[in-house]
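*Asks:* Please read through the structure below; I'll follow up with questions.
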Amino acid sequence: MSKKYILYGSKSNVYRNTRRRRSGNIRIAGLTALLFLCLCSIVVLGFSWKSSLKKGSPLIQGGELQDTDTPWQLTLVNQWNPVPGNYEPELVKVQGGESVDKRIYEPLMQMLEAAREGNLGELPLVVSGYRTADTQQKLYDEKIREFKNEGYSESEAAELAEQWVAVPGYSEHQLGFAVDINGATYDVYLWLQENSYKYGFIFRYPGNKTDITGVAEEVWHYRYVGVEAASEMYERGLCLEEYLGE
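Under the numbering used here, the final residue of the sequence shown carries the number 1047; numbering is consecutive throughout.
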C-alpha cells in the first residue's frame, strides 16, 4: 500500500510536510543515539564505581593511609594494606597461651576482667592473638579446602575464604593488636560491643561494615586502637577504615 499524505492545496505543501517529518525523524534518531551513549557512559561509570568499592575505596588502598606519623595503635592492616615490612612485635603471653603485643596487655586484661560478669563469672579466653605468617598461611589454606570440599572452584573458594581468613601478610593478627575472644555465653559479646571502647578496643568487623572492611561479621574479633580513637569510633559508629579515611 502506498503511503498517503494529507494535501494542503499544493504539491509543495506535501513536499514541505514530508521533509518536516523526515527532519523530525532524523532529530529523534539523533536524540536516541545521544541518549544511548549517555546510558552507556552511566553504566561504565557505575561499573567502575562498584569495582572500586569491591576493591576498597581509594582512601584505604595500597597503604595510602600508612603515614610515618600514624600512632602505632592505628596501623591499618586489611586486604588492601599489608603488614609493614620487617615488623616484629614484642610479645607477652596471656592466659590460655596466646600472645599479644605487650603494649596492649594491660588494657586487654582489664577488659577481660570487667567482662567476667557477662561470662558466668569466668574470664573470657583469648583463643587467637598474634599469628606468624606461617600460621596465617595454614589457616587460609584450610579455609580454601573447606570451600573446595563444598564444591566451589579454586578461585571461588579463595574468594570466599578471604571473607573469613585474611591472606597471609594482610592480617591484623600479625600485628599483635587483635584478639579473638571466646565467651561462655553470647552475652559476653554483647557486653564487649557496648564496653570495649572504654579499654581502647573496637568491635573490628561489624556486619554493617563488611563492604568497607572486606570481612564478614566476626563478633569475637577485637582490635586495640587506644581509648581516644575507640571512643570516637563507638560514638560515631565508624569502623577503622572510615575513621582513618576522614
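A virtual CB, placed ideally from N, CA and C, is assigned to each residue, including glycine.
At 3 residues or longer, what runs of the beta strand (DSSP E) sit wholly inside the stretch 888-931?
*Replies:* 892-894, 900-902, 926-929
*Asks:* Where are the beta strand (DSSP E) runs, 3 residues long or more, that stay fully inside the stretch 959-1039, in chain order?
*Replies:* 979-983, 1002-1006, 1019-1025
*Asks:* Would residue 900 and residue 931 qualify as a contact pair, given that the criterion is a beta-carbon distance under 7 Å?
*Replies:* yes
*Asks:* By alpha-carbon positions, which one of 1024, 970, 1039, 974 ends up nearest to residue 882?
*Replies:* When only C-alpha atoms are compared, the closest one is 970.
*Asks:* Roughly how far, in whole angstroms, is the beta-carbon of residue 1003 from the beta-carbon of residue 1041, given that I think they are within contact range, below 8 Å?
*Replies:* 7 Å
*Asks:* What does the Cβ neighbour count give for residue 979, buried or exposed, with the cut at 16 atoms within 10 Å?
*Replies:* Residue burial is scored here from C-beta neighbours: residue 979 has at least 16 other C-beta atoms within 10 angstroms and is therefore classed as buried.
*Asks:* Contact defined as beta carbons within less than 8 Å: I believe residue 934 pairs with residue 996. What is the distance between those atoms, to the nearest angstrom?
*Replies:* Not a contact, Cβ separation roughly 33 Å.
*Asks:* For the stretch 950-960 and the stretch 975-990, state whether three or more C-beta atom pairs, one from each stretch, are separated by less than 8 Å.
*Replies:* no
*Asks:* Looking at C-alpha atoms only, which residue of 1033, 975, 1021 is the closest neighbour of residue 902?
*Replies:* 975
*Asks:* Restricting to Cα atoms, I'd like to know which of 913, 1045, 923 is closest to residue 999.
*Replies:* 913
*Asks:* Given residue 994, which residues of its chain have a CB within under 6 Å of its CB, disregarding the five upstream and five downstream residues?
*Replies:* 1004
*Asks:* Give me the Cα-Cα distance between residue 895 and residue 906, rounded to the nearest whole angstrom.
*Replies:* Answer to the nearest angstrom: the Cα atoms are 8 Å apart.
*Asks:* Tell me the DSSP secondary structure of residue 842 in three-state form.
*Replies:* The predicted position of residue 842 is uncertain, since its pLDDT is 44 and thus under 50; a value taken from the coordinates is nonetheless stated next. Helix.
*Asks:* With H, G and I counted as helix, E and B as strand and the rest as coil, what does DSSP make of residue 830?
*Replies:* Confidence is the limiting factor: at residue 830 the pLDDT is only 49, short of 50, which leaves the residue's position unreliable, though a coordinate-based value still follows. Correct three-state label for residue 830: helix.
*Asks:* At the level of alpha carbons, what is the spacing between residue 872 and residue 1010?
*Replies:* Residue 872 and residue 1010 have their C-alpha atoms spaced approximately 23 Å apart.
*Asks:* Drop a sphere of 10 angstroms on the beta-carbon of residue 874, count the other beta-carbons inside from all chains shown, and report buried for 16 or more, exposed for fewer.
*Replies:* buried
*Asks:* Nearest-angstrom Cα distance between residue 1008 and residue 1020?
*Replies:* 9 Å
*Asks:* By Cβ distance below 6 Å, which residues in the same chain neighbour residue 923 in space, the five residues on each side in sequence not counted?
*Replies:* Taken in chain order, the residues that qualify are 985.
*Asks:* Exposed or buried, which one is residue 1017 when buried takes at least 16 other CB atoms within 10 Å?
*Replies:* So residue 1017 ends up on the exposed side.
*Asks:* If the criterion is Cβ atoms closer than 7 Å, does the pair residue 944 and residue 966 meet it?
*Replies:* yes
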